[in-house]
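Engineer:
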Amino acid sequence: MANNQALFLDRIRIALKQGSRPSMSVATDDKAFLQSIASRGREEQLLLLRQLMDNAEPLHLQVHGCASLTAAGECVAAIARECKPEFGTCREIVLHDHPLVHGLQLAPLLSVQGIANHLTRSGDPDVRQHTVNASIGITVAAWAIAESATIVQLTRPGQPRSTSLVPSIHIAVMLLSNLVATLAEAYALLRREQHPDSLVLISGPSKTADIEHTMVHGAHGPREMHLIVLTGAMVEGETA
Amino acid sequence: MSAEEPSYSETARDGLANACLQRSLRGLQDQCGKGALAAWRALPDPTLRSRVKARRVETLAHLDRVLEQLADGIRARGGQVFFAATAAEANSYVLDLARRRGVQRVVKGKSMLSAEIGIDAAFGAAGIEVLESDLGEFIVQLAGSTPSHIIAPCIHMDRQQIGRLFADQLHIPYTDDPPTLTRAARKVLRHKLLTADMGLTGCNLACAETGQITLVSNEGNIRMATTMPRLHVALMGMERIAATLEDQRDLLQLLTQGAALQKLSTYVSFVGGPSKEGDPDGPEEFHLVIVDNGRSRILADPEFREVLACIRCGACLNICPVYGRIGGHAYHSPYSGPIGAVVTPLLQGINRHADLCRGETLCGDCREVCPVQIDLPRMLVALRHKLAYGDPGWQVRPYNRIEALGYAIWWRIVGSRRFYETFLKICRTLQRPFTGPEGRVGRLPGWGGGWTEGRDLPPLAPMFFRERWRQMYRENQTERGQQGAEERHHGQ
Amino acid sequence: MNLHTPVSLFIQCLVDTMYPEVGEAMVRIFDRLGVPLAYPEGQTCCGQPAFNSGYQREAAAAARRFIELFESAETIVCPSGSCVAMVRHHYPELFRDDPELRARAEAVGAKTFELTEYLVDVLGVTDLGAVFPGIVTYHESCHLSRTLGIREPPRHLLRRVQELHLVEMDNSDSCCGFGGAFSVNYPDISLAMVDEKINNILKSGAGTVVGCDIGCLMQIRGRLTRRKENIRVLHIAQILAAGENR
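Residue numbers (the working numbering), protein chains in the order written: chain B, 1 to 240; chain P, 241 to 732; chain U, 733 to 978.
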């Protein structure tokens, strides 16, 4: 294996005919971006939220601003109420094992509707099957990007990839303070985060226009997506 | 071109006659091609593309180092990296892995490299089921055909054809409604995606700094293929790498804009290694197969190195007037359109694909729309140069000795005023039998018939410009020259 | 450079042998402006056909001859975007390994202009006193618009022609399918492209199509007559030279 690599890279070095080379220049603008993020006040954050909502509309990403955890919980319950299972008959929801999700206190709201819910706890062998059966997957977004209506979904223990992918509907929840303006800002945060192994940027439900260039929402990923942004000033304290 | 394969011109004719293809291409080009040009004109930073091009070229000049950095990073995350010099080595590695791990079903995310190395045939020979998961590729696979566009594979088929195909092969009641057809495919593919043993994807952009690859999609099939099966194999052309996160960001945004006028595609996945203990999903093993297969030879040639800057966005297909008439099948390659016309001969043989080198008008639209400003027309002329005289370095034989002789004679004629005029005066006499009653040439023999098949030609003029100049203007010109000299003398 | 600078006419092969009236029109335009003219009689071809087909030895020989013929001129004007692009952009490429010839090529390229470029950008003239009644649409040739970046000067000139109504066609700058040898080697594709161009011309409602490159006009006119469509095809020089002298 190592031999393969050495031969391969040698072939490239021969092709480049390089003697000594200066290293590639590496310029980062992270400091400036992190400063912009840190200095943003609540009013500016709300403006970003407005921008996010505008950009989300053509992508069929439904954005809900909720002032409190209770309101957010009710929002989720309302979506669950409307949802008809796509594959099979059972109504089930999988949720990320994350303090913000716990803060929504969804269990009583969902059981009232007869909907089973299952946390995606790390090490739980049933998570995969529950995810495949579920109509709704609820995750927590680390950040969202206003300019492109994108959420940044990091993979962590208890917060697996498939929750935002396999169920028909994806609901992402996040705090307003985690909303940034641009992809560049999000990358600055990612770098500070020391880049996890696996993450995905998501900008709406899945779609395809492969048949006669006609746009259809709902290809292999979720056919419907919601982003709940917790805007209440108190929320940060509650979920800390 | 092998003897059995129809030629560029023959397949082009089929494309020209395909009404559905013509409609689709027109719509695609009007929207996406022109849209990309408009997007570049509206960029807040007009230097972005040239800076990114320069950075791509710089990265290629350090390709060995960045690939090494990438491999170290992937391995640090628990992934495995294999460097494949050839298509055979790549196929061998993947098949070997599949056999060792008892793989019976493979789901593919869209990968042109996988078509380039012919991995489907290798899987087939080993009795392993291979399924395309991208809707367009899935449709093309069901139809037993090949893609006609690198981003929109089945634009050569209309909804009725797809409806009939699904009714036949998926046993659903006939419909030509795209949402219904899409839902049917979604249902069929979901089960396969959830139960496949191996996901096989390409790689849009690797990032050396973070030790990861990035994959973009709108459908979610690539996420499925990298998340649900227990093995994930990613095939990567060795040039598809960004050195830093900033480079990756710039290229990513140019890619999604150039491909489909999107700020970002619906999904951008960063993948670096296998899943962790306790994860219910994600692959147990992640293998990155980095492929050369002729790219180092392109890298070594300063005339062609810049073609490796390509990020496979498809914008050049969406603007090219030739591709826009004939579609992708005529290129007989996973890489069609202007980029395909340069890269296919370089990877698979310049003589074999001589028509790809010569079958364009050099109009320059591709250069204008390319997000990284690759000068494709320059390279097409360079390829034609190799075909003209042959080239031992690239193993090119002269393409057409009669044509070469023709141009040698052409130089003899234009190299001398006297020969030029004599030759043309002879032609002027000889053209009389070909000149019709309206004074136009309607039919030419031999090679010239290519023109007169569909067009008239003006005859050679009874007096050439130089003859008229001599007759009417030489005296006047002397006068004018004197006048001009007087005016200058009087300080006007 | 100004109106008194003598202009050496570079009359490309297609105009010289098939459309001399375009060359004559260009002479009338310069006469009207009082520009002194010269015509190096040894000129034959700039070498573009050989270059585009990959025959760079022959193209370089033709280029060297052109440079020798024209380098003593003060300024060179040609009624063709593609020939000017050849001289300005490709001559230096042909001589990249020969610094002396390359320098001479660059010097010649710096004083070689396409007709509309010379009139508008160099002389600052847009009104030539031309008169041409009719609805006219403009076909933008590839080398003129994309390689040389000349898009507005022809339009400025056409708008100042009296009684001329300029209409834009869809995709005015899309390739007409000529491409030199391409038009004969790949006739089906070439015809599909020119048919598309003609459909756009017809859709524009114009009775005349004008352009700055005779290769394109030859392609368009050749197909129009075969399709028996009654659209006039003119080089811009012919329109600018039309009407009464002032």
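Glycine included, each C-beta is placed from N, C-alpha and C at the ideal position.
Sorted by chain position, which residues of the same chain lie with C-beta nearer than 7 Å to Leu492/P's C-beta, five sequence neighbours on each side aside?
Structural biologist: Correct list, in chain order: Leu445, Thr454 and Val508.
Engineer: Run the CB neighbour count on Gly766/U, radius 10 Å, all protein chains shown included, and call it buried at 16 or more, exposed below.
Structural biologist: Exposed.
Engineer: Could you tell me the alpha carbon to alpha carbon distance between Arg978/U and Ala757/U, rounded to whole angstroms?
Structural biologist: Because Arg978/U sits at a pLDDT of 42, beneath the cut-off of 50, its placement in the model cannot be relied upon, and the following sentence gives the value as read from the coordinates. Answer to the nearest angstrom: the Cα atoms are 16 Å apart.
Engineer: Any chance the segment 274–294 of chain P sits against the segment 942–958 of chain U, with 3 or more Cβ pairs inside 8 Å?
Structural biologist: The answer is no - the segment 942–958 of chain U does not touch the segment 274–294 of chain P, with fewer than three Cβ pairs under 8 Å.
Engineer: For a test of the three-state rule: what should DSSP assign to Glu241/B, helix, strand or coil?
Structural biologist: Only positions 1 to 240 of chain B appear in the structure, and residue 241/B is not among them; the question remains open.
Engineer: At a CB distance below 9 Å, what residues from the segment 590–606 of chain P approach chain U? Give them in sequence order.
Structural biologist: Per Cβ criterion, the list reads Asp595, Cys597, Arg598, Gly599, Glu600, Thr601, Leu602, Cys603, Gly604 and Asp605.
Engineer: Beta-carbon separation of Ile171/B and Val76/B under 8 Å?
Structural biologist: Contact flag set, yes.
Engineer: Whose Cβ in chain P lies nearer than 9 Å to the Cβ of Arg21/B?
Structural biologist: Going along chain P in sequence order, the residues near Arg21/B (Cβ under 9 Å) are Ala301, His302 and Arg305.
Engineer: Can you tell which of Leu34/B, Leu95/B and Ser23/B has its C-alpha closest to the C-alpha of Ala116/B?
Structural biologist: Residue Leu95/B is the option with its Cα nearest to Ala116/B.
Engineer: Smallest Cα separation from Glu356/P: which of Ala500/P, Pro578/P, Gly534/P and Arg652/P?
Structural biologist: Of the candidates Ala500/P, Pro578/P, Gly534/P and Arg652/P, the one whose C-alpha sits nearest the C-alpha of Glu356/P is Gly534/P.
Engineer: Decide if Tyr414/P is buried, meaning its Cβ has at least 16 other Cβ atoms within 10 Å, or exposed.
Structural biologist: Exposed, because fewer than 16 other Cβ atoms sit within 10 Å of the Cβ of Tyr414/P.
Engineer: Taking the alpha-carbon of Arg641/P as reference, which of Phe322/P, Gln635/P, Gly633/P and Tyr629/P has the nearest alpha-carbon?
Structural biologist: Per the Cα distances, Tyr629/P.
Engineer: Give me the chain P residues within the contact set of Lys207/B, using Cβ-Cβ distance strictly less than 8 Å, ordered along the chain.
Structural biologist: Those are Asn458, Glu459 and Thr506, listed as they occur along chain P.
Engineer: Rounded to whole angstroms, what's the CA-CA distance from Ile666/P to Gly813/U? Just pull it up for me.
Structural biologist: Their backbone Cα atoms lie some 29 Å apart in a straight line.
Engineer: In this structure, does DSSP put Lys274/P in helix, strand or coil?
Structural biologist: Helix at Lys274/P.
Engineer: Can you grab the Cα-Cα spacing for the pair Ala549/P / Ala913/U, in whole Å?
Structural biologist: If you take the alpha carbons of Ala549/P and Ala913/U, they lie about 30 Å apart.
Engineer: Glu74/B CB to nearest chain P CB: under 8 Å?
Structural biologist: Judged by the 8 Å Cβ criterion, Glu74/B is not in contact with chain P.
Engineer: Judging by CA-CA distance, which residue of Thr692/P, Pro685/P, Phe659/P and Gly676/P is the nearest neighbour of Gly774/U?
Structural biologist: The option with the nearest alpha carbon to Gly774/U is Phe659/P.
Engineer: Alpha carbons only, please: which of Ile566/P, Pro638/P, Ala701/P and Thr675/P is nearest the one belonging to Ser247/P?
Structural biologist: It is Ile566/P whose Cα lies nearest to the Cα of Ser247/P.
Engineer: Closer than 7 Å, Cβ to any Cβ of chain P: which residues of the segment 207–221 of chain B, in chain order?
Structural biologist: Correct list: Lys207, Thr208, Asp210, Ile211, Glu212, His213, Thr214, Val216, Gly218, Ala219, His220 and Gly221.
Engineer: Taking 8 Å as the threshold (beta carbon to beta carbon), is Arg978/U in contact with chain P?
Structural biologist: Residue confidence for Arg978/U is low, a pLDDT of 42 falling below 50, so the modelled location carries little weight and cannot support an answer.
Engineer: What would DSSP say about Asp940/U, mapped onto helix, strand or coil?
Structural biologist: Per the sequence shown, the amino acid found at residue 940/U is Thr instead of Asp. Strand.
Engineer: Please go through the same chain and pick out, in chain order, the residues whose beta-carbon is closer than 6 Å to the beta-carbon of Gln506/P, but skip the five residues on each side of it.
Structural biologist: For the sequence presented, residue 506/P should be read as Thr rather than Gln. Here the set comprises Asn458.
Engineer: In the DSSP assignment, what are the bridge partners of Arg345/P?
Structural biologist: DSSP lists Glu369/P as partners of Arg345/P.
Engineer: Could you say which of Ala366/P, Leu405/P and Gln400/P lies nearest to Ser385/P if we only look at CA atoms?
Structural biologist: Considering only alpha carbons, the answer is Leu405/P.
Engineer: Going along the chain, which residues of its own chain have a beta-carbon closer than 6 Å to the beta-carbon of Thr182/B, five neighbours each way excluded?
Structural biologist: Cβ neighbours of Thr182/B beyond the five flanking positions: Glu147.
Engineer: Any Cβ of chain P within less than 8 Å of the Cβ of Ile921/U?
Structural biologist: For Ile921/U, the answer is yes, since a Cβ of chain P falls inside 8 Å of its Cβ.
Engineer: Which partner residues of Leu528/P appear in the DSSP bridge assignment?
Structural biologist: Bridge partners of Leu528/P: Val321/P and Ala474/P.
Engineer: When Cβ atoms are compared, which residues of the segment 804–838 of chain U fall closer than 7 Å to chain P?
Structural biologist: Here the close residues number zero.
Engineer: Applying the criterion that 16 or more other CB atoms from any shown protein chain within 10 Å of the CB defines a buried residue, is Ser112/B buried or exposed?
Structural biologist: For the sequence presented, residue 112/B should be read as Val rather than Ser. The residue in question, Val112/B, is exposed, as its Cβ has fewer than 16 Cβ neighbours within 10 Å.
Engineer: Distance check for Asn784/U and Ala817/U, CA to CA, integer angstroms please.
Structural biologist: Each residue's alpha carbon lies about 12 Å from the other.
Engineer: Assuming Val916/U contacts Trp691/P under a Cβ cut-off of 8 Å, what Cβ separation, rounded to an integer in Å, is found between them?
Structural biologist: The Cβ separation is near 5 Å, so the contact holds.
Engineer: Could you list the residues in the segment 542–571 of chain P with a C-beta less than 7 Å from some C-beta on chain U, going in chain order?
Structural biologist: So the list reads Pro561, Val562, Arg565 and Ile566, given in the order they occur along the chain.
Engineer: Going by CA-CA distance only, name the one from Glu753/U, Phe845/U, Cys908/U and Ile968/U that's closest to Leu956/U.
Structural biologist: Of the candidates Glu753/U, Phe845/U, Cys908/U and Ile968/U, the one whose C-alpha sits nearest the C-alpha of Leu956/U is Cys908/U.
Engineer: Between Met464/P and Leu890/U, what straight-line distance do the alpha-carbon atoms span, to the nearest angstrom?
Structural biologist: Roughly 58 Å between the two C-alpha positions.
Engineer: Which chain C residues are close to Ser264/P, counting only those with a beta carbon under 8 Å from its beta carbon?
Structural biologist: As a matter of chain content, chain C is missing from the structure shown, whose protein chains are B, P and U.
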